[in-house]
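Shown next, in structure tokens, is the structure this report addresses.
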Amino acid sequence: MTRRSFLRTSTVLATGAAAIAAGLAPLRKIGHYSSVEEFLQKQYKELSPAEMKVVLTRIEGEVERQYGIRPHVRDYKPMSGVQFVYALNLSRCVGCRKCVHACVAENNQSRNPEIQYIRVVKLPNDGSFDLESGDVNYTPKSVPEAGFFYMPIQCHQCHNPPCVTVCPVKATWQEADGITVIDYNWCIGCRYCEAACPYFARRFNFATPSIPKEQINPKMSYLGNRPRYKGVMEKCHFCIQRTREGRYPACVEVCPTGSRKFGNILDPDSEVSYILKNKRVFVLKEELGTHPRFFYYFDI
Numbered sequence: 018m019t020r021r022s023f024l025r026t027s028t029v030l031a032t033g034a035a036a037i038a039a040g041l042a043p044l045r046k047i048g049h050y051s052s053v054e055e056f057l058q059k060q061y062k063e064l065s066p067a068e069m070k071v072v073l074t075r076i077e078g079e080v081e082r083q084y085g086i087r088p089h090v091r092d093y094k095p096m097s098g099v100q101f102v103y104a105l106n107l108s109r110c111v112g113c114r115k116c117v118h119a120c121v122a123e124n125n126q127s128r129n130p131e132i133q134y135i136r137v138v139k140l141p142n143d144g145s146f147d148l149e150s151g152d153v154n155y156t157p158k159s160v161p162e163a164g165f166f167y168m169p170i171q172c173h174q175c176h177n178p179p180c181v182t183v184c185p186v187k188a189t190w191q192e193a194d195g196i197t198v199i200d201y202n203w204c205i206g207c208r209y210c211e212a213a214c215p216y217f218a219r220r221f222n223f224a225t226p227s228i229p230k231e232q233i234n235p236k237m238s239y240l241g242n243r244p245r246y247k248g249v250m251e252k253c254h255f256c257i258q259r260t261r262e263g264r265y266p267a268c269v270e271v272c273p274t275g276s277r278k279f280g281n282i283l284d285p286d287s288e289v290s291y292i293l294k295n296k297r298v299f300v301l302k303e304e305l306g307t308h309p310r311f312f313y314y315f316d317i
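Numbering (the numbering used here), first residue to last: 18 to 317.
In structure tokens:
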């Protein structure tokens, strides 16, 4: 290589690097990309194990720089022979919202503004079932209130998820265990999935998520509870970092009345299998054909 060609090549490379840096500058301001490596990262399904290891280490460094705590981020894979489903006994739910707050704490959701995956709707116990007239902002001195019942709603992990169908960049998809996930590094924040979801289960980060250092859960999952970015979608993922290790979701463990049931529908001896066989279960908006994996029932 002559000196002239060396200088020309070096100039082209420098110009290209400057262009990439300039392109990243406005993106860095919204907190989505903090490095060239992050900007050039492949989609989740294209990452080799070695590449994923590098990505996880980078994310751990990003979290440490932002929150001052070193997390342990893993890529939890689905267990074979498992299809997760949820069953919720509306006769037992007292509307205490402990599930809401346990979910926020477990999954590193923004505190200011606070993002909640679970909505609890207070409905009149009059035989009707009009969700539009329900109250999600009830503030009584104590619960339950006479004459009402409570219906928690979150991601229903549909067998036929419309949110996946509309995503233009394949940033969301359904995994082998039935959980619909999001690659936060691949999401472009178009909010098509939010509009397509009939259960109002997806949340958009309008602002940079805020989590106090002392409230960070350091046990994190790439597809689950690692801190998200401004400008991306997020939602319930059945606590991947727990359930894919054989544990219950945080909302199930904290429920004081035992109204929440969770397990593997492929296991005929599981509690959820018993409920689906022996209780009069129903799903929300059955007519839409989404086939939720989230079932409701009453003790009747």
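By construction, the Cβ of each residue, glycine as well, lies at the ideal position given by its N, Cα and C atoms. All figures in this text were calculated on a predicted structure; none of them were measured in a lab.
Outcome for residue i when other beta-carbon atoms lying within 10 angstroms are tallied against a minimum of 16
{"i": "Asp194", "result": "buried"}
{"i": "Asn154", "result": "exposed"}
{"i": "Leu57", "result": "exposed"}
{"i": "Pro157", "result": "exposed"}
{"i": "Lys302", "result": "exposed"}
{"i": "Thr274", "result": "exposed"}
{"i": "Val53", "result": "exposed"}
{"i": "Lys70", "result": "exposed"}
{"i": "Pro66", "result": "exposed"}
{"i": "Ala218", "result": "buried"}
{"i": "Thr182", "result": "exposed"}
{"i": "Pro178", "result": "buried"}
{"i": "Pro226", "result": "buried"}
{"i": "Ala38", "result": "Note that Ala38 scores 45 on pLDDT, short of 50, meaning its location in the model is unreliable and no value can be drawn from it."}
{"i": "Gly306", "result": "exposed"}
{"i": "Phe223", "result": "exposed"}
Residue i to residue j span [Cα, whole Å]
{"i": "Trp190", "j": "Val72", "result": "20 Å"}
{"i": "Leu105", "j": "Glu288", "result": "12 Å"}
{"i": "Gln133", "j": "Cys214", "result": "16 Å"}
{"i": "Asp316", "j": "Pro95", "result": "32 Å"}
{"i": "Lys8", "j": "Phe165", "result": "Examination of residue 8 is not possible in this model, given that the chain is present from 18 through 317 alone."}
{"i": "Phe299", "j": "Ser159", "result": "28 Å"}
{"i": "Asn202", "j": "Ile233", "result": "20 Å"}
{"i": "Gly48", "j": "Val271", "result": "Confidence in Gly48 is poor, its pLDDT being 46 and thus under 50, which makes the residue's placement too unreliable to answer from."}
{"i": "Lys230", "j": "Glu304", "result": "44 Å"}
{"i": "Ile205", "j": "Gly248", "result": "7 Å"}
{"i": "Cys210", "j": "Cys180", "result": "4 Å"}
{"i": "Thr74", "j": "Pro88", "result": "10 Å"}
{"i": "Leu240", "j": "Ala188", "result": "11 Å"}
{"i": "Cys110", "j": "Glu55", "result": "43 Å"}
Identified DSSP bridge partners for residue i
{"i": "Trp190", "result": "Val198"}
{"i": "Lys236", "result": "His89"}
{"i": "Met250", "result": "Phe221"}
{"i": "Asn242", "result": "Answer by DSSP bridge pairing: none, since Asn242 is not bridged."}
Supposed contact pair residue j and residue i - C-beta distance, whole angstroms, cut 8 Å
{"i": "Leu107", "j": "Tyr314", "result": "7 Å"}
{"i": "Pro161", "j": "Gly85", "result": "Their Cβ separation, rounded to whole angstroms, is 41 Å, which puts Pro161 and Gly85 out of contact at 8 Å."}
{"i": "Arg277", "j": "Phe101", "result": "Arg277 to Phe101, Cβ: 13 Å. No contact."}
{"i": "Val90", "j": "Arg243", "result": "6 Å"}
**Asked** Is it true that the stretch 194-201 meets the stretch 136-156, where meeting means three or more beta-carbon pairs spaced less than 8 Å apart?
**Response** The stretch 194-201 makes no contact with the stretch 136-156: fewer than 3 CB pairs, one atom from each, lie closer than 8 Å.
**Prompt:** With contact counted as at least three CB pairs below 8 Å, one residue from each stretch, are the stretch 115-129 and the stretch 292-305 in contact?
**Reply:** no
**Message:** Within 8 Å, do at least three Cβ pairs link the stretch 277-290 to the stretch 128-140?
**Reply:** no
**Asked** Does the stretch 240-255 come close enough to the stretch 171-186 that 3 or more CB-CB pairs lie under 8 Å?
**Response** yes
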